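All residue numbers for the sequence shown refer to the working numbering, where the first residue is 1 and numbers rise by one. A virtual CB, placed ideally from N, CA and C, is assigned to each residue, including glycine. Keep in mind the model is a prediction, meaning the values are calculated, not measured.
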Amino acid sequence: MGIMNLFGLLKKKAENEEITCKKCERTAKRSEFYKTDMVCPDCGTYLRMGAKERISLVVDEGEFTEHFSDLKSENILGFPEYDDKLEKSKKASGLEEGVVCGVGKIGGNDCAIFVMDSNFMMGSMGSVVGEKITRLFELATEEGLPVVGFTTSGGARMQEGIISLMQMA
Ligand SMILES: [Zn+2]
Numbered sequence: 001m002g003i004m005n006l007f008g009l010l011k012k013k014a015e016n017e018e019i020t021c022k023k024c025e026r027t028a029k030r031s032e033f034y035k036t037d038m039v040c041p042d043c044g045t046y047l048r049m050g051a052k053e054r055i056s057l058v059v060d061e062g063e064f065t066e067h068f069s070d071l072k073s074e075n076i077l078g079f080p081e082y083d084d085k086l087e088k089s090k091k092a093s094g095l096e097e098g099v100v101c102g103v104g105k106i107g108g109n110d111c112a113i114f115v116m117d118s119n120f121m122m123g124s125m126g127s128v129v130g131e132k133i134t135r136l137f138e139l140a141t142e143e144g145l146p147v148v149g150f151t152t153s154g155g156a157r158m159q160e161g162i163i164s165l166m167q168m169a
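See the structure below:
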């Protein structure tokens with residue numbers, strides 16, 4: 001199954017879910033909010049969007065190939081409860097990590113794309129998130145592509161301590 005088909009299925013599944021605007025409390029199905037790209041039509045508040053939703057709304061249909069999805073976080077420091085948090089985040093976001101990287105087209109233009117997901121440990125940056133974004137920039141440099149990135153990150157991932165801070169460089 002191609003990744004866009006997978007996103008299509010996920011989108012369909014979530015379409016009927018009711019969500020509420022945190023500011024004005026307008027409640028409607030997700031599919032209603034898709035019509036205004038997840039901006040509340042009543043008060044203009046931006047609603048939380050997952051990485052896959054964002055890709056399916058922004059990237060041309062059928063034009064996204066994910067890269068580096070084989071990289072997975074490990075509890076390298078033996079940080080208490082990190083393994084549990086990783087598992088919960090995977091379930092909540094439907095992702096293996098806090099960022100999705102790939103190559104695709106936006107408005108017919110080829111580009112490298114990374115999209116963070118705040119449903120995955122607040123989109124925090126551990127060693128794998130840093131590595132995936134670095135590899136994407138290396139690929140984009142080799143292929144002469146612009147990089148379009150959506151950063152929805154809460155910062156460095158404290159469960160990886162200094163390792164996550166080193167990703168900043
Ligand atoms: Zn609202």
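With respect to Ala-14, Arg-30 sits close: the two C-beta atoms are nearer than 8 Å. Looking from the CA of Lys-88, the closest CA among Asn-119, Val-115 and Cys-40 belongs to Asn-119. Excluding the 5 residues flanking it on each side, Cys-21 has same chain C-beta neighbours closer than 6 Å at Cys-40 and Thr-45, in chain order.
Arg-54 sits buried, since 16 or more C-beta atoms from the chains shown fall within 10 Å of its C-beta.
Residue burial annotation: Asp-117 is buried, with at least 16 other C-beta atoms found within 10 angstroms of its C-beta.
Remark: C-beta atoms of Ile-133 and Phe-114 approach each other more closely than 8 Å. If the five residues before and after Ala-140 are omitted, its C-beta is found closer than 6 Å to the C-beta atoms of Ala-112 and Val-147, all from its own chain and listed in chain order. Of the candidates His-67, Val-128, Leu-57 and Tyr-34, Val-128 places its Cα closest to the Cα of Gln-159. Taking a cut-off of 6 Å from the heavy atoms of ligand 1, the residues with a C-beta inside it are Cys-21, Lys-23, Cys-24, Arg-26, Cys-40, Asp-42, Cys-43 and Thr-45.
Apart from sequence neighbours up to five positions away, the residues of its chain that approach Ser-124 with a beta-carbon distance below 7 Å are Gly-98, Ser-153, Gly-154, Gly-155, Ala-156 and Arg-157, ordered along the chain.
Taking 8 Å as the cut-off, the beta carbon of Lys-90 is found no closer than this to the beta carbon of Glu-81.
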